[in-house]
Structure formats: structure tokens, C-alpha cells
Amino acid sequence: MELLDKVNVPKDIKSFSYIQLEQLCAEIREYMIDCCAKNPGHLGASLGTVELAVALHYIYDTPNDKLVWDVGHQAYAHKILTGRKEAFVNNRKYKGISGFPKMAESEYDSFGGGHTSVSISAALGIAEAAKIKGESIKTIAVIGDGALSGGLAYEGLNNAGALKSDILVILNDNQISIDHNVGAMHNYLVRISTSYTYNKVKSKVWDCVGGYKIGRFIQKFMRSAKQALFKNGSIFQALGFRYFGSIDGNNLNELVTTLSKIKEIKGPKLLHIRTVKGKGYKPAEENQSVWHAPGKFNVETGERILKNPNIYRYQDIFGETIIELAKENEKIVAVTPAMASGCSMTKMMEVFPHRSFDVGIAEQHAVTFSAGMAANGMLPFCNIYSTFMQRAYDNIIHDVAIQKLKVIFCIDRGGIVGEDGATHQGAFDLSYFRLVPNITVAAPLNEIELRNMLYSATLQQWDGAVAIRYPRGNCEGLDWQKPFEYIPVGKAQILVEGEGVAVVSLGTIGNRVSKAIVKAKEAGCNPMHVNMRFLKPLDSDALENVCKKCSTIITVEDGTLLGGLNSAVSEWVAANNYSVKVVPLGIPDKFVDQGTVDELISECGYNVQEIFDNIVKEYRRK
């Protein structure tokens with residue numbers, strides 16, 4: 136790492152020659168691959184943007200000039216160049232650096248994020264604030280082509296064009312997000328202008344005339360010229376942007392040359408670059424979806440090191456079960472916003488291609504699209520990760536719940552998810568769904584219960600919308616491939632009888648509770664364990680039984696304590712005038728950073744040992 140060892144901050148590369156910059160790119164790639172092989176992360180997209188990160192920091196005066204990276208899957212080279220080279224070995228680890236841009240981590244991270252489509256709006260806000268303050272800075276937003284299916288990106292583009300803000304949007308077109316991109320915008324980008332003649336003429340005319348007012352007139356002329364060359368014209372120019380591209384985003388010389396010229400042009404600009412996701416590492420180039428986040432792997436062979444490959448994951452249970460249900464019920468359809476492989480919907484798409492819909496990165500649309508299908512007699516399963524479902528909250532209320540439509544929301548990645556950190560923890564879904572009328576909120580204890588909940592939700596007894604949440608990762612290892620069994624809506628399950636202290640749990644965290652219960656029994660305590668299964672409606676009979684036998688209830692949930700199970704039980708106890716102490720265990724009122732699931736659950740105080748300690752403490756108090 137001859138050159139990389141000399142780079143601590145971006146100014147260290149300003150004196151580098153083109154040959155040195157090329158070598159630096161190669162060394163960054165090598166370092167990134169070596170680190171991610173041992174410490175998994177989002178490798179593919181970042182391999183594709185090494186040249187872009189180097190070129191941006193070479194041409195622009197960061198951190199004075201502001202770079203805003205959309206999502207952050209593309210930002211590993213940026214992190215390595217901006218003082219976090221040594222820290223990168225602990226990327227996404229507990230107490231290490233975040234896998235995404237984070238303002239508190241570095242002055243070079245102008246805006247934080249882990250969700251897609253935000254960069255343009257954020258960069259526009261930064262640029263307009265700078266204008267008000269009289270600051271002379273450049274603002275650059277980097278966004279992927281997949282993120283352009285998110286409506287927020289267009290809201291930002293529209294506003295930037297209207298304001299004529301001095302902002303550069305770099306569209307990184309790698310033809311793939313997590314799964315392959317879908318939608319009209321993707322198809323448009325494939326067809327969009329790559330004409331050498333057009334761009335050559337446009338640049339020469341612009342350089343000759345100079346001046347923004349004259350440029351606006353010339354722009355109109357060039358727009359007409361482009362429409363003559365290309366039937367579709369340019370949506371970006373229609374939004375008020377000067378469009379440049381497309382260019383090879385893995386060609387450092389072309390990038391540096393283009394950016395140096397664009398830098399001097401005022402107003403809203405969009406540079407369309409083409410990159411290869413996984414660039415420089417053959418296995419990642421050949422299987423881009425898998426290598427988006429491959430986990431640990433052997434650098435030499437490219438072989439991925441899989442954890443317990445024979446154990447089913449909760450998303451696999453969803454994927455297998457929905458196919459079974461769809462074979463028996465022709466009204467069942469499946470919807471996901473660009474998460475088909477992650478949520479295991481790909482098999483459904485193969486078996487029932489006309490009843491499966493990947494709508495792209497568009498969570499709001501996914502919910503309302505599902506509502507429309509429900510309104511016309513279909514039974515949609517809408518599968519969205521917990522953290523991304525937050526973006527569609529208005530649609531849940533306005534388009535589904537108010538109209539009492541039967542949409543089955545499958546909330547994947549509920550609870551602590553681990554290394555992706557604060558932006559991705561599924562902390563809030565139980566609370567925000569519980570607040571909405573006409574929705575049943577359920578969380579299974581294990582894979583068998585998940586399978587039976589998915590089945591039961593299709594029946595008339597489960598009226599209105601349904602939200603079933605389950606975690607990321609491996610199941611409990613149970614034999615789940617059994618005939619379906621109906622689960623009565625709103626009915627809890629007593630797992631262990633006891634007295635004095637009752638532990639009331641919701642979801643798969645109940646398996647940790649079961650281990651704590653065993654320890655407590657061995658320690659001479661006699662706690663009860665209730666698997667609530669439903670947050671809404673609450674099982675009043677079960678809670679009444681608990682309150683008659685116990686003076687203390689310990690609630691345990693893999694979600695925020697505010698508004699979730701603890702809130703629901705506490706409210707019920709108070710409303711029914713029981714003098715029972717309620718002890719809350721769950722995610723406190725804070726954002727939880729990156730780490731392993733065990734590390735983070737322990738930090739939040741509801742791992743097996745913490746549950747056991749609280750049981751013993753309450754018995755000793757008596």
C-alpha cells in the first residue's frame with residue numbers, strides 16, 4: 136500500500152499525478168476487499184465508486200465543499216480517504232465506525248443516511264443554506280440509479296431546478312441496486328443520451344457563449360437538438376438541470392477531466408456516470424446481487440463463508456409459505472419494493488410471475504399499490520423491511536387502515552438487526568402499527584408460529600389489515616413443514632405456568648426469555664411465561680389471569696419501549712385497576728448503533744442474563 140499509506144486526508148492526494156491516482160484506486164480496492172473479506176459489509180457498490188470518490192476529493196475542496204452520499208453503500212472509498220483508513224477494519228463493528236455516512240463521525244460526512252433517495256434533497260438544503268450565509272462552496276449529491284425510483288429524489292430534483300440552485304447531482308448508473316432495477320426510469324436511463332456528437336456540440340457552444348442568461352437560450356436550442364436526436368428528450372433538462380453524460384465512471388482520467396469542467400458551471404447540473412458494481416473483483420462483478428453484501432469470503436477463491444447454511448431463516452419461511460398459500464388461493468399476490476431476494480420472494484416470482492410485483496425502491500407506492508389491489512378483490516402480501524416501512528406510514532393510515540382494506544404487511548428485519556446500525560434497526564414498527572385503528576399487530580415466537588400466522592391472516596376471522604413482524608436471520612431450528620394450524624386472533628399462549636412474577640414477551644425474543652425462565656427455575660424461582668403473540672388486540676383474558684397470580688409483570692420486547700408491549704400492558708393494568716408492578720425490558724429511548732445482535736441486545740438490557748437477573752431481583756424484593 137505504497138500510496139494509500141501516505142493518505143490520511145483528501146488534501147494528501149492533491150499533488151498526485153494521474154498515474155499515482157490510478158495506483159491509489161487499485162490500492163483502495165485491494166484494501167477494501169481484504170477488510171470486507173474478514174469483516175463483512177456492503178462491498179459491491181463501493182468497489183464500483185472508487186474512482187468517483189478519488190476524483191471528487193481530488194477536484195473539490197472537501198470538507199469545505201460538501202459531498203452527500205445517497206444511502207452510503209457507495210461510500211467506503213470516501214471513508215478510507217477521509218481519515219478512517221485504520222478504523223475501516225472495524226467498519227460496522229460494535230463501537231467501531233458506521234457502515235454509512237455519519238455526521239458525528241467525520242466532518243467529511245456532510246449528511247448522514249442509510250435510507251435511499253435522500254441525497255438530492257439534503258444537498259439542496261445545504262446549498263441553499265450556504266447561499267443565505269454567503270458561503271462560497273460547492274455541493275455534490277451522489278445517487279444511484281436504483282434510488283431514482285424513490286419519489287423523494289424527484290421532489291429534490293424538481294425543487295433544485297426551480298430554485299436554480301448551484302448543485303451537482305452525480306447519477307451513478309450501475310444498472311442494479313440490491314436486486315436488478317425495475318421501472319420506467321431504469322429503462323429510460325438505458326436509452327438516454329450517450330451521443331458523442333450531441334455532448335461535444337453542447338459543450339463547445341456553452342463554452343463559447345458563457346454567461347447564464349445566454350446559456351439559458353442556448354439550452355433551449357440544445358434541448359430541441361437533443362429531441363431531434365433522441366425521441367424521448369431528457370427528463371432532467373425538463374426539470375431544469377444541465378445534463379452531462381453518460382461517461383465511464385470507472386475511467387479516472389475521464390472523471391477528473393469532466394468534473395474539473397463542470398465545477399465552473401453554475402446552476403443545477405446532473406452528471407450521468409456508468410460504473411460496474413463489484414469493479415475490480417471478478418466474483419463481485421459476475422454476481423452483483425449476491426455481492427452487494429456477501430458476508431465473509433475467501434479473497435483468493437471468492438468463496439463465501441456461510442453461517443449455518445442448512446438452517447432456515449425467517450425470510451425463507453415467508454418465501455416458502457406464501458407459495459403454498461398462493462397455490463390454494465388465487466387471490467393472493469406478493470409485493471415488495473426492491474427487496475425480492477432479501478425477503479425471499481424470488482421463488483414466488485418464479486412460480487407466480489404474474490402475481491408477484493417488485494415495484495422498485497418505492498415503499499410508499501408499494502403500500503398504496505397493495506391497497507389498490509385489495510380494493511379490487513385481491514389479497515396482497517406486502518413485504519417491507521421494518522426500517523423502510525417507516526417511509527410509508529401515511530400510506531398505511533390513509534390508504535389501507537381508514538378504508539379497512541385487507542393488506543397483509545410482512546415486516547421483515549423487525550427488532551435489532553445488528554451491524555447496519557441506527558438507520559436500520561427495526562425498533563419502531565410495533566409502536567407505530569399499534570397506534571393505527573383497523574390493524575391486527577402480531578409477532579411470532581418461532582418459525583412454526585410465523586407459518587401459521589401467515590396462513591391464519593388469509594382467513595376471514597383476521598379482519599382488516601394485518602402486520603406480522605419477524606426478525607432478520609436464522610430460525611430456531613424447529614420442524615416447521617407441517618400442516619397449517621389456525622391461530623385465533625388476539626389470543627396469547629401460556630408457555631410456562633408459575634406465580635409471583637410473570638414474564639410477558641412478544642415475538643422471537645421469547646426464546647431468550649425461555650432460557651432465562653429455565654435458569655430462574657433452577658435458582659428456585661417460579662416465574663410464569665406468557666407468549667402474547669399479539670400486540671393488538673391484546674389478550675385481556677391472559678392479562679387478567681396474570682394479574683390474579685402475580686404481583687409483578689416483566690415485559691420483554693425486541694422493540695422500543697415507548698408505545699410497544701410495555702406501554703400496552705401498563706395501560707391495560709392501569710385501566711383495569713390492578714396494583715401490579717410492570718418492569719420494562721426492551722429498546723430504551725435512544726437510537727442503537729452498530730454491533731452484533733447479542734452485543735446490542737445486551738447493551739439495551741434484555742439478553743438472557745439481564746432477563747434472569749430481573750426475575751431474581753423481583754423475587755428477592757418480595
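Note that my numbering has the sequence shown beginning at 136, numbered continuously upward.
Backbone N, C-alpha and C define an ideal beta-carbon position, used for all residues, glycine too.
_Residues near H192 in its chain [Cβ-Cβ closer than 6 Å; skip 5 each side]_ = The residue you call residue 192 lines up with position 57 of the sequence shown. Closer than 6 Å at Cβ, skipping near neighbours: P145, L216.
_Contact set for A510: own chain, Cβ-Cβ below 8 Å, skip 5 residues either direction_ = The count along the sequence shown starts at 1 and reaches residue 510 at position 375. Contacts found: Q538, L540.
_Sequence-distant residues of the same chain with beta carbon closer than 8 Å to V708, five excluded per side_ = Numbered from 1 along the sequence shown, position 573 holds the residue referred to as residue 708. Answer for V708: L678, C682, I688, V715, V717, listed in chain order.
_Measuring only the C-alpha atoms, how far is A658 from Y754?_
Translated into the one-based positions of the sequence shown, residue 658 becomes position 523. Translated into the one-based positions of the sequence shown, residue 754 becomes position 619. Spanning the two alpha carbons is a distance of roughly 11 Å.
*Does the region 164-172 come close enough to the region 394-403 to have 3 or more Cβ pairs within less than 8 Å?*
no
*Go through the region 253-281 residue by residue and report every complete run of the beta strand (DSSP E) that reaches 3 residues or more, in order.*
274-279
*Buried or exposed (CB count within 10 angstroms, at least 16 for buried), D728*: Position 593 of the sequence shown holds residue 728. The residue in question, D728, is buried, as its Cβ has 16 or more Cβ neighbours within 10 Å.
*asked:* Can you tell me whether Q616 is buried or exposed? The criterion is at least 16 other CB atoms within 10 Å of its CB, across all chains shown.
replied: In the sequence shown, counting from the first residue as 1, residue 616 sits at position 481. Exposed, by the Cβ-count rule.
*Looking only at C-alpha atoms, which of E632, T643, L641, L670 sits nearest to V653?*
The sequence position of residue 653 within the sequence shown is 518, counting from 1. That would be E632, whose Cα lies nearest to the Cα of V653.
*Can you name, in chain order, every residue of its own chain whose Cβ lies under 6 Å from the Cβ of V486, other than the five neighbours on each side?*
For the purposes of this step, residue 486 is taken as the residue at position 351 of the sequence shown. Scanning its chain for C-beta atoms nearer than 6 Å, with the 5 sequence neighbours on each side dropped, one finds around V486 the residues I458, in chain order.
*Under the rule that 16 or more other beta-carbon atoms within 10 Å means buried, what is R756, buried or exposed?*
By 1-based counting over the sequence shown, the position of residue 756 is 621. By the 10 Å Cβ count, R756 comes out exposed.
*DSSP three-state call for C478: helix, strand or coil?*
For the purposes of this step, residue 478 is taken as residue 343 along the sequence shown, with counting starting at 1. Three-state DSSP puts C478 in coil, outside helix and strand.
*So N445 is in the beta strand (DSSP E); what residue range does that whole segment cover?*
Here residue 445 corresponds to residue number 310 of the sequence shown, with the count starting at 1. It is not in any beta strand (DSSP E) - N445 carries neither H nor E in the DSSP assignment.
*Just list the beta strand (DSSP E) runs in the region 518-556, keeping only unbroken ones of 3 residues or longer that don't cross its boundaries, in chain order.*
The region 518-556 is shown to contain whole beta strand (DSSP E) runs of 3 or more residues at 543-547, in chain order.
*Let me know if Q596 comes out buried or exposed under the rule of 16 or more other beta-carbons within 10 Å of its beta-carbon.*
In the sequence shown, residue 596 corresponds to position 461, counting from 1. Q596 comes out exposed.
_Distance check for R377 and Q354, CA to CA, integer angstroms please._
As a first step, residue 354 must be located in the sequence shown, where it is residue number 219. As a first step, residue 377 must be located in the sequence shown, where it is residue number 242. Low confidence applies to Q354: its pLDDT is 44, below 50, so where it sits in the model is not reliable enough to give any reading.
*When we look at the beta-carbon of F726 and count the other beta-carbons within 10 Å, is it buried (16 or more) or exposed?*
Reading the sequence shown from its first residue, position 591 is the one you call residue 726. Burial call: exposed.
*Using only alpha-carbon positions, find the residue among L514, R490, M524, S479 that is nearest to A501.*
Here residue 501 refers to the residue found at position 366 when the sequence shown is read from its first residue. Nearest C-alpha to A501: M524.
*How far does the alpha helix (DSSP H) with R164 in it reach, from first residue to last?*
The residue you call residue 164 lines up with position 29 of the sequence shown. It spans 153-173 - the alpha helix (DSSP H) in which R164 sits, taken as one unbroken run.
*In angstroms with no decimal places, state the Cα-to-Cα distance between R647 and G384.*
Here residue 647 refers to the residue found at position 512 when the sequence shown is read from its first residue. Here residue 384 refers to the residue found at position 249 when the sequence shown is read from its first residue. If I take the Cα positions, the gap works out to 48 Å.
*asked:* Between the region 171-189 and the region 420-430, can you find at least three pairs of beta-carbon atoms closer than 8 Å?
replied: Judged by Cβ distances under 8 Å, the region 420-430 makes contact with the region 171-189, as three or more pairs qualify.
*Measure the C-alpha to C-alpha separation of R409 and K214 and round it to an integer number of angstroms.*
Residue 409 sits at position 274 when you count from the first residue of the sequence shown. Residue 214 sits at position 79 when you count from the first residue of the sequence shown. Rounded to the nearest angstrom, the two C-alpha atoms are 21 Å apart.
_Backbone CA spacing between N292 and E186 [nearest angstrom]_ = On the sequence shown, position 157 is the one that residue 292 refers to. On the sequence shown, position 51 is the one that residue 186 refers to. As written in the sequence, residue 292 is Leu, which differs from the Asn given in the question. About 25 Å.
*Quick one: which unbroken beta strand (DSSP E) runs of 3-plus residues sit fully inside the region 621-681? Chain order, please.*
Within the region 621-681, the complete beta strand (DSSP E) segments of 3 residues or longer fall at 628-631, 635-641, 663-666, 669-671, listed in chain order.
*Reference E421; option with closest CA among N433, G437, G430, F432*: Taking the first residue of the sequence shown as 1, we reach residue 421 at position 286. If we check each option's Cα against that of E421, G437 comes out closest.
_Short of 7 Å in beta carbon distance, which residues of its chain neighbour E734, apart from the five on each side in sequence? Order them along the chain._
By one-based count along the sequence shown, residue 734 stands at place 599. Same-chain partners within the cutoff: Y229.
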